[in-house]
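Peer 1: Quick note: the sequence shown, position 74, residue 74 per our numbering, numbers continuous. Please see the structure below; I have some questions.
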Amino acid sequence: MASSARTKISKLFPPSKLRRFALPSAPGSQSFSTSAAVAAEPPHSPAPQADGFTGSRILGLVKEYEDYRRNLYGGLTHKALLVDAVGTLVVPSQPMAQIYRQIGEKYGVEYSEGEILNRYRWAYGQPWGRSRLRYVNDGRPFWQYIVSSSTGCSDSQYFEELYNYYTTEKAWHLCDPDAEKVFQALRKSGVKVAVVSNFDTRLRPLLRALKCDHWFDAVAVSAEVEAEKPNPMIFLKACEFLGVQPEDAVHVGDDRRNDIWGARDAGCDAWLWGSDVKSFKEVAQRIGVQV
Numbered sequence: 001m002a003s004s005a006r007t008k009i010s011k012l013f014p015p016s017k018l019r020r021f022a023l024p025s026a027p028g029s030q031s032f033s034t035s036a037a038v039a040a041e042p043p044h045s046p047a048p049q050a051d052g053f054t055g056s057r058i059l060g061l062v063k064e065y066e067d068y069r070r071n072l073y074g075g076l077t078h079k080a081l082l083v084d085a086v087g088t089l090v091v092p093s094q095p096m097a098q099i100y101r102q103i104g105e106k107y108g109v110e111y112s113e114g115e116i117l118n119r120y121r122w123a124y125g126q127p128w129g130r131s132r133l134r135y136v137n138d139g140r141p142f143w144q145y146i147v148s149s150s151t152g153c154s155d156s157q158y159f160e161e162l163y164n165y166y167t168t169e170k171a172w173h174l175c176d177p178d179a180e181k182v183f184q185a186l187r188k189s190g191v192k193v194a195v196v197s198n199f200d201t202r203l204r205p206l207l208r209a210l211k212c213d214h215w216f217d218a219v220a221v222s223a224e225v226e227a228e229k230p231n232p233m234i235f236l237k238a239c240e241f242l243g244v245q246p247e248d249a250v251h252v253g254d255d256r257r258n259d260i261w262g263a264r265d266a267g268c269d270a271w272l273w274g275s276d277v278k279s280f281k282e283v284a285q286r287i288g289v290q291v
């Protein structure tokens with residue numbers, strides 16, 4: 001019976017394993033994602049496979065589970081869609097190191113793009129000891145540290161020019177050109193949509209600059225809710241903003257640890273962008289909305 005799918009999946013993947021279950025990332029799908037400047041995320045870890053179950057059997061159970069949810073919700077698998085920002089909704093228009101180098105030349109930055117990228121990765125991977133969160137309010141102290149560590153330049157004018165660049169539509173573009181019509185179709189079908197992002201307070205003006213802020217019913221920003229993914233609290237806050245239970249929401253993001261494990265720890269379903277789903281149209285179809 002379709003209604004037994006959830007039980008089968010729960011037995012196959014108990015909570016300690018379920019949060020780690022996701023299809024492997026497509027080759028070359030690594031993204032350098034963060035908010036103001038762009039960070040190199042650690043490689044996605046390979047997904048463990050349950051003993052005695054083939055990939056086709058697992059996919060069959062997932063389909064059975066989604067059919068079960070459609071029966072619950074009158075044709076839809078979920079009442080709400082949560083979407084990661086950087087790497088899923090939007091991506092940088094130019095490589096981070098290139099921008100740091102180009103803007104920095106007039107301020108005396110001499111490091112090559114390769115050196116900037118390596119120094120950036122090192123700095124971003126260090127513990128941030130000044131506060132519990134990296135992005136507090138506008139995130140300036142954190143980004144000042146990242147920029148000076150990456151480039152060797154502590155000039156305040158350089159930092160401000162670079163910082164402000166990443167609030168403009170010139171710095172970013174949408175990952176999926178069909179995103180607007182998909183989100184419109186989802187909301188018309190009764191599915192609520194929210195952005196859930198580790199970002200500072202520049203996210204809202206950035207969404208306005210990209211003319212996509214009106215696509216969403218809510219925005220959960222780590223700097224505002226004081227919780228960063230993979231902390232489940234940010235996902236719970238997003239569900240609270242939308243007025244839905246976590247089990248009625250699915251989150252889509254490009255980072256296995258932050259997006260997939262974090263959302264599942266909150267009780268949401270989660271799909272890995274670039275692997276489980278590769279376009280927002282596919283997301284809508286899996287939910288049960290035709291675009």
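All C-beta atoms, glycine included, are put in the ideal place defined by N, C-alpha and C.
(1) Once the 5 residues before and after Y165 are set aside, which same chain residues still bring their CB inside 8 Å of it?
(2) Give the straight-line distance between the Cα atoms of P27 and V90, rounded to the nearest whole angstrom.
(3) Tell me the DSSP bridge mates of L162?
(4) Is the separation between the beta-carbon of I116 and that of S149 shorter than 7 Å?
(5) Secondary structure at H251, three-state DSSP: helix, strand or coil?
(6) Hey, V196 and L272: beta-carbon distance below 7 Å or not?
(7) Give the range of the alpha helix (DSSP H) segment to which P205 is assigned.
(8) Take N198 and list the residues in its own chain whose beta-carbon comes closer than 6 Å to its own, dropping the five residues that flank it on each side.
(9) Would H44 be called buried (16 or more neighbouring beta carbons within 10 Å of its own) or exposed?
(10) Nearest to Y107 by alpha carbon, out of L162, D138, I260?
(11) In chain order, what residues of the same chain lie with their CB nearer than 6 Å to the CB of A97, ignoring the 5 residues before and after it?
(12) Along the chain, where does the beta strand (DSSP E) that runs through W271 open and close?
(13) Any idea what DSSP makes of H78, helix, strand or coil?
(14) For K281, does the three-state DSSP call read helix, strand or coil?
(15) Can you give me the C-alpha to C-alpha distance between T34 and G87, rounded to a whole angstrom?
(16) Is V191 near F183, with beta carbons less than 7 Å apart?
(17) Evaluate T256 with the Cβ neighbour count: other Cβ atoms within 10 Å of its Cβ, from every protein chain shown; 16 or more gives buried, anything less gives exposed.
(18) For the alpha helix (DSSP H) containing R237, name the first residue and the last one.
(19) Run through DSSP, which three-state label would K229 get?
(20) Rounded to the nearest angstrom, how far is the Cβ of L242 from that of A270, given a contact under 8 Å?
(21) On the premise that A249 lies in contact with A220, defined as a C-beta separation below 8 Å, what is that separation, rounded to the nearest angstrom?
Peer 2: Reading off the structure:
(1) Within the same chain, and ignoring the five residues on either side of Y165 in sequence, the residues whose Cβ sits closer than 8 Å to its Cβ are I99, I103, A171.
(2) Legend: pLDDT at P27 = 34, less than 50; position of this residue unreliable, value from coordinates given subsequently. Each residue's alpha carbon lies about 20 Å from the other.
(3) Bridge partners of L162: none, in fact.
(4) no
(5) Residue state, collapsed to three classes: strand.
(6) no
(7) 203-209
(8) S222, E228, K229
(9) Any reading at H44 is ruled out, since the residue's pLDDT is 41, under 50, leaving its predicted position unreliable.
(10) L162
(11) E113, I116, L117
(12) It spans 269-272 - the beta strand (DSSP E) in which W271 sits, taken as one unbroken run.
(13) Residue state, collapsed to three classes: coil.
(14) helix
(15) Confidence at T34 is low in this model, with a pLDDT of 42, below 50, so its placement is unreliable and the value that follows should be read with caution. Straight-line Cα distance between these residues: approximately 8 Å.
(16) no
(17) Note that residue 256 is Arg in the sequence shown here, rather than Thr. The residue is buried, with at least 16 neighbouring Cβ atoms inside 10 Å.
(18) Sequence check: residue 237 is Lys here, not Arg. First-last of the alpha helix (DSSP H) with K237: 232-242.
(19) coil
(20) Rounded, the Cβ-Cβ distance is 16 Å, inconsistent with contact.
(21) Wrong, their Cβ atoms sit about 11 Å apart, outside the cutoff.
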